[in-house]
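In the working numbering, the protein residues as written are 1022 to 1136.
The C-beta atom is built at its ideal place from N, Cα and C for all residues, glycine as well.
Quick look at the structure:
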């Protein structure tokens, strides 16, 4: 029963991380992930809430990085920022998934980099 409860409690957060990763190719999945994270944030355990907050922050910080990259795309550095944002999102979600799998809260929730 505990393993089943563990799977149910972490399944939604896992899906959101995966949707965020997929958003690097299909952007709309990021918006879906954001909505799901906001909806599930209040009704979950404390350690799991840290993952939802982390996912919400990942979305908004990612949007900021992409915006800056697009604005600066007239200069070479904009493309480098967009490339950074791509890898940043994947690494950040992978680290979040690892902590989720270990049933640990996100270690550095306020970080703008990885965790």
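For a cut-off of 8 Å, the C-beta gap from residue 1042 to residue 1114 is around 5 Å, short enough to register as a contact. Nearest C-alpha to residue 1077 among 1059, 1067 and 1087: 1059. Looking only at 1116, 1130, 1126 and 1105, the smallest Cα-Cα distance to residue 1045 is reached by 1105. Cβ contact annotation for residue 1127 (same chain, cutoff 7 Å, sequence separation greater than five): 1071, 1072, 1075, 1117, 1120 and 1136, in chain order. Using a Cβ distance threshold of 9 Å, residue 1110 and residue 1083 count as a contacting pair. A direct Cα-Cα distance of roughly 12 Å separates residue 1099 from residue 1107. When DSSP assignments are scanned along the segment 1032 to 1085, the uninterrupted stretches of alpha helix (DSSP H) that are 4 or more residues long and fall wholly within it turn out to be 1049 to 1062. Minimum Cα-Cα distance from residue 1063 among the listed residues 1079, 1090 and 1034 corresponds to 1034.
Taking 9 Å as the cut-off, the beta carbon of residue 1069 is found no closer than this to the beta carbon of residue 1087. Burial of residue 1054 is indicated by the presence of at least 16 other C-beta atoms within 10 angstroms of its C-beta. Across the structure, residue 1085 and residue 1131 are spaced so that their CA atoms are roughly 15 Å apart.
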